[in-house]
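What follows is a short report on a single structure.
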Amino acid sequence: MPELPEVEVSRIGLLPEIKGRTITGALTRAPKLRYPLPANLGQRLTGARLADIRRRGKYLLFDIDQLADDRTATLILHLGMSGSLRIVTPNTPPQTHDHVDIAFGDKVLRFRDPRRFGALLWHDNQSPIEAHSLIQVLGVEPLDAAFDGEWLHTHLRKRSGPIKPVLMDSHMVVGIGNIYAAESLFLSGISPLRSAQKISATRCDRLADAVKKTLSAAVAAGGSSVRDYVHSDGGAGCFQLQCAVYEREGEPCVGCGNPVRKIRQAGRSTFYCPQCQK
DNA sequence: ATGGGTACCTGTCTGC
DNA sequence: TGCAGACAGGTACCCA
Numbered sequence: 009m010p011e012l013p014e015v016e017v018s019r020i021g022l023l024p025e026i027k028g029r030t031i032t033g034a035l036t037r038a039p040k041l042r043y044p045l046p047a048n049l050g051q052r053l054t055g056a057r058l059a060d061i062r063r064r065g066k067y068l069l070f071d072i073d074q075l076a077d078d079r080t081a082t083l084i085l086h087l088g089m090s091g092s093l094r095i096v097t098p099n100t101p102p103q104t105h106d107h108v109d110i111a112f113g114d115k116v117l118r119f120r121d122p123r124r125f126g127a128l129l130w131h132d133n134q135s136p137i138e139a140h141s142l143i144q145v146l147g148v149e150p151l152d153a154a155f156d157g158e159w160l161h162t163h164l165r166k167r168s169g170p171i172k173p174v175l176m177d178s179h180m181v182v183g184i185g186n187i188y189a190a191e192s193l194f195l196s197g198i199s200p201l202r203s204a205q206k207i208s209a210t211r212c213d214r215l216a217d218a219v220k221k222t223l224s225a226a227v228a229a230g231g232s233s234v235r236d237y238v239h240s241d242g243g244a245g246c247f248q249l250q251c252a253v254y255e256r257e258g259e260p261c262v263g264c265g266n267p268v269r270k271i272r273q274a275g276r277s278t279f280y281c282p283q284c285q286k
């Protein structure tokens, strides 16, 4: 799935297609994904306008205005593990896991999610989106200036466990999933097993830089395309080709040539080089 | 408060 | 060829 770069690439791809367009219809084909899908989506959205698409962590926020009651709303969308968004023509037949369509005249935004870990929620903007229970708990944006070595050092001091699961904790920093946690730790030369609170200020600087570099490079490359992820134009990203350790168990480390090791942490696979990462 | 395990769901791959 | 089991990019929840 979609980690921060894939979500951002989707957002950037969708903007020129549908931002500012009037919604001509919408429908859901399943009662629920992770949560129940909004009821009467077509009724609520038809005639309204998609004002903007924002991103917070791995959530996409579709700002809707010109609703029938003259209010505004925001659709909160999460791609989960296997979700993807595409622009299709109105006559494109839906496939098995195509759960939601939002139509804009000659274009349809289609949400596909085989594993159904994704989410689409209606937020009526009576309260600010930042107050939504799912958004409220999110940590800092890793590409914001506020996230740096000093910030990281301060926050890691409170965490006793190994760094890798901590780096993936969206309550602390958003957007870093299994691939980019592994890649960022490799780039900064830090072992995924190292206790978070024992990482020095200097190495926190390196880690924060590595996170920013890894995520930015992935956005620039068009996201990863492991398995079933496709971005909005249906094309495949190419960051996967540049992974240094992720899914490279047994292959030579790009730094030292020793085999990349795979271990299990907090129920997830971790790939790293025991030589280069201490 | 923090951390670990589990659950959610389907598709794909591996090994018997 | 068939089938069971493991595993997959996320995250909320329960419990120690």
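Okay, so the first sequence: first residue is 9 according to the numbering used here, each after it adds one. We put the CB at the ideal spot given by N, CA and C, even for glycine. If you're wondering where the values come from, they're calculated on a predicted model, not measured in any experiment.
Local conformation of residue i per DSSP, three classes
i: Gln273; result: strand
i: Ala209; result: helix
i: Arg57; result: strand
i: Gly265; result: coil
i: Lys40; result: strand
i: Pro98; result: coil
i: Gly50; result: helix
i: Ser203; result: strand
i: Val219; result: helix
i: Val181; result: strand
i: His105; result: coil
i: Gly230; result: coil
i: Ile110; result: strand
i: Ala190; result: helix
Status (buried if at least 16 other CB within 10 Å, exposed otherwise) for residue i
i: Pro10; result: buried
i: Glu191; result: buried
i: Arg235; result: Bear in mind that a pLDDT of 35 at Arg235, under 50, signals an unreliable position, so the model cannot answer this.
i: Thr314; result: Given that the chain is displayed from residue 9 to residue 286, the structure contains no residue 314 and the question cannot be resolved.
i: His179; result: exposed
i: Ala244; result: Note that Ala244 has pLDDT 46, beneath the 50 cutoff, so the model's placement of it is unreliable and the number below is only indicative. When all chains shown are included, Ala244 counts as exposed.
i: Lys166; result: exposed
i: Thr162; result: exposed
i: Pro260; result: exposed
i: Gly183; result: buried
i: Pro39; result: exposed
i: Gln285; result: buried
i: Pro136; result: exposed
Cα-Cα separation between residue i and residue j, rounded to whole angstroms
i: Val6; j: Ala252; result: The first residue shown for the chain is 9 and the last is 286, placing residue 6 beyond what the model contains.
i: Asp152; j: Arg63; result: 13 Å
i: Thr278; j: Thr82; result: 36 Å
i: Pro122; j: Ile187; result: 20 Å
i: Ile171; j: Cys264; result: 22 Å
i: Val181; j: Gly147; result: 5 Å
i: Phe125; j: Glu25; result: 26 Å
i: His131; j: Tyr280; result: 40 Å
i: Gly55; j: Ala76; result: 7 Å
i: Ala189; j: Leu87; result: 19 Å
i: Pro44; j: Gly258; result: 42 Å
Close beta carbons around residue i, own chain, < 6 Å, minus the five adjacent residues each side
i: Pro102; result: none
i: Leu53; result: Ile31 and Ala34
i: Leu85; result: Leu68 and Leu128
i: Arg118; result: Arg94, Val96, Asp106 and Asp109
i: Pro282; result: Arg269
i: Val219; result: Pro150 and Ser192
i: Arg57; result: Thr30, Asp73 and Gln74
Close Cβ partners of residue i (< 7 Å) along its chain, the five nearest in sequence each way excluded
i: Glu16; result: Arg63 and Val227
Decide yes or no for the touch test of the stretch 200-210 against the stretch 155-168: beta carbon pairs closer than 8 Å, at least 3 of them. Pairwise C-beta distances place the stretch 200-210 in contact with the stretch 155-168, as three or more of them are shorter than 8 Å.
Do the stretch 140-149 and the stretch 103-120 make contact, defined as three or more Cβ pairs closer than 8 Å? Here the stretch 140-149 makes no contact with the stretch 103-120; the two share fewer than three CB pairs at distances below 8 Å.
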